[in-house]
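Shown next, in structure tokens, is the structure this report addresses.
Number of protein chains: 2
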Amino acid sequence: MIRMSKQTDYGILLLTEFAADPGGLTLSARELSERAALPLPMVSKILKVLTREGLLLSHRGARGGYRLARRPNQITVADVIGALDGPFAMTECVDAPGDCRQESTCPVRTNWHLINHTVYKALDNITLWDMTRPLSPPLIPLTGRSANPLKVA
Amino acid sequence: MIRMSKQTDYGILLLTEFAADPGGLTLSARELSERAALPLPMVSKILKVLTREGLLLSHRGARGGYRLARRPNQITVADVIGALDGPFAMTECVDAPGDCRQESTCPVRTNWHLINHTVYKALDNITLWDMTRPLSPPLIPLTGRSANPLKVA
DNA sequence: AGTTAATAGTACCAACTTGGTACTGATTAC
DNA sequence: GTAATCAGTACCAAGTTGGTACTATTAACT
Ligand code: FES
Ligand code: FES
Chain X
102 MIRMSKQTDY GILLLTEFAA DPGGLTLSAR ELSERAALPL PMVSKILKVL
152 TREGLLLSHR GARGGYRLAR RPNQITVADV IGALDGPFAM TECVDAPGDC
202 RQESTCPVRT NWHLINHTVY KALDNITLWD MTRPLSPPLI PLTGRSANPL
252 KVA
Chain L
102 MIRMSKQTDY GILLLTEFAA DPGGLTLSAR ELSERAALPL PMVSKILKVL
152 TREGLLLSHR GARGGYRLAR RPNQITVADV IGALDGPFAM TECVDAPGDC
202 RQESTCPVRT NWHLINHTVY KALDNITLWD MTRPLSPPLI PLTGRSANPL
252 KVA
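As they're listed, the protein sequences go chains X and L. When the count follows my numbering, it moves up by one through the first sequence with no breaks and lands on 254 for the last residue. When the count follows my numbering, it moves up by one through the second sequence with no breaks and lands on 254 for the last residue.
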């Protein structure tokens, strides 16, 4: 249903815990799991991936933990999706070029690429820092279709 | 991977076949499966759903077939997604309110609702008729974040 | 040095979802 | 009445995903 995985959802939730603190907060997996009320193994699994993908920095050993690799306003929702859910592709044909038999004659192929890119850019415009507070409604202002005569036809 | 189901992808492809013809074209499932180079049973299954959801009109019996229930510029990509993939919800918490334990304390809940709504509106702005031709790049014009001071902070 | 607290990595499984097929019944044109 | 076509349902195999368990490695503290 055009749904991102729960892992990504959790991931954003967890990262938001860091983002709320301005001073490069360090948290252990255990602390995070308590804060977010999520099962520890799951949290641990997600944090490992986020570290591998460069969104978190880890510190091992006693009193270790995780902290953000970049400032909260430099990490976007699209970044998190890319790290946990893989490349952003709304249709299969977008990230598996050549895998579709009717690709050569497909009338909607290029349009999907464009739509995909547009949605990606929208999500890439929302940072973790933004997520820590209520966004204002005109988050991604959509202009009217005035430039496009098709709707009125 | 934030992906819509193949069925929805196919559905849009099939509907686009109708949309390309201005004159309320009627096509049988067999004809469509040949045009789109998709297996007939799959095409048939999808067309049934689209009919039940009110996007297509069906005519049974010999020389029967399907045709668009509305004009191509009155059916949006979001309509098709809604028909084949169910309610548009990027996260589980959006369409399953109350199912999430941390809902009461969730810092990102309202933001997800807003983001979800924004993306939905963007897809609801693209009609089948649009899909029959290459869209121009500023499809969904994203204004800069000038109104939002957070990015610059 | 030894102990403890923490992450890294991997492997695994059960449950759900999805793409795809098959079959039977109902309706209409000719 | 016969053939063509849609309607509905049931079914299955394969892939994906959420979730868990276990071992190895690293670092702080005493
Ligand atoms: S369906 Fe694969 S490219 Fe259009
Ligand atoms: S995680 Fe369910 S409402 Fe935020």
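Even for Gly, the Cβ is constructed at its ideal location relative to N, Cα and C.
Cα-Cα separation, residue i to residue j
i: residue 142 of chain L; j: residue 149 of chain L; result: 11 Å
i: residue 220 of chain L; j: residue 167 of chain X; result: 32 Å
i: residue 201 of chain X; j: residue 140 of chain X; result: 39 Å
i: residue 146 of chain X; j: residue 173 of chain X; result: 21 Å
i: residue 136 of chain X; j: residue 152 of chain X; result: 19 Å
i: residue 206 of chain L; j: residue 126 of chain L; result: 53 Å
i: residue 210 of chain X; j: residue 102 of chain L; result: 18 Å
i: residue 196 of chain L; j: residue 182 of chain X; result: 19 Å
i: residue 208 of chain L; j: residue 199 of chain X; result: 41 Å
i: residue 237 of chain L; j: residue 222 of chain X; result: 16 Å
i: residue 128 of chain X; j: residue 215 of chain L; result: 29 Å
i: residue 162 of chain L; j: residue 134 of chain X; result: 60 Å
i: residue 190 of chain X; j: residue 204 of chain X; result: 16 Å
i: residue 121 of chain X; j: residue 194 of chain X; result: 38 Å
i: residue 165 of chain L; j: residue 175 of chain X; result: 57 Å
i: residue 144 of chain L; j: residue 234 of chain X; result: 45 Å
Chain X contact for residue i (CB, 8 Å cutoff)
i: residue 220 of chain L; result: yes
i: residue 107 of chain L; result: yes
i: residue 122 of chain L; result: no
i: residue 193 of chain L; result: yes
Neighbour list for residue i in chain L, Cβ cutoff strictly below 7 Å
i: residue 182 of chain X; result: 103
i: residue 117 of chain X; result: 208 and 209
Residue i: contacting residues in chain X (beta-carbon distance under 8 Å)
i: residue 188 of chain L; result: 102
i: residue 202 of chain L; result: 138
Under 7 Å from the C-beta of residue i: neighbouring residues of chain X
i: residue 161 of chain L; result: Those within 7 Å of residue 161 of chain L in chain X number zero; the least Cβ separation is about 28 Å.
Where residue i meets chain X, residues with beta-carbon distance less than 9 Å
i: residue 114 of chain L; result: 203, 207, 208 and 209
Own chain partners of residue i with C-beta closer than 7 Å, once the 5 adjacent residues on each side are dropped
i: residue 170 of chain X; result: 155, 156, 157 and 158
i: residue 179 of chain X; result: 189, 221, 224 and 225
Own chain partners of residue i with C-beta closer than 8 Å, once the 5 adjacent residues on each side are dropped
i: residue 192 of chain L; result: 213 and 217
i: residue 177 of chain L; result: 224, 225, 226, 227, 228 and 229
i: residue 131 of chain X; result: 141
Below-8 Å beta-carbon distance, residue i vs any chain L residue
i: residue 233 of chain X; result: yes
i: residue 246 of chain X; result: With a pLDDT of 38 at residue 246 of chain X, under the threshold of 50, the modelled position of this residue cannot be trusted; read the value that follows with caution. Yes, because at least one Cβ of chain L sits closer than 8 Å to the Cβ of residue 246 of chain X.
Same chain only: Cβ atoms within 6 Å of residue i, ignoring 5 sequence neighbours per side
i: residue 138 of chain X; result: none
i: residue 123 of chain X; result: none
Are three or more beta carbon pairs between the region 227-235 of chain L and the region 105-117 of chain L nearer than 8 Å? At 8 Å Cβ cutoff, the stretches touch.
Can you confirm whether the region 103-112 of chain L touches the region 178-187 of chain L when touching is taken to mean that 3 or more C-beta pairs between the two stretches lie within less than 8 Å? Touching, yes, given that three or more Cβ pairs across the two stretches are closer than 8 Å.
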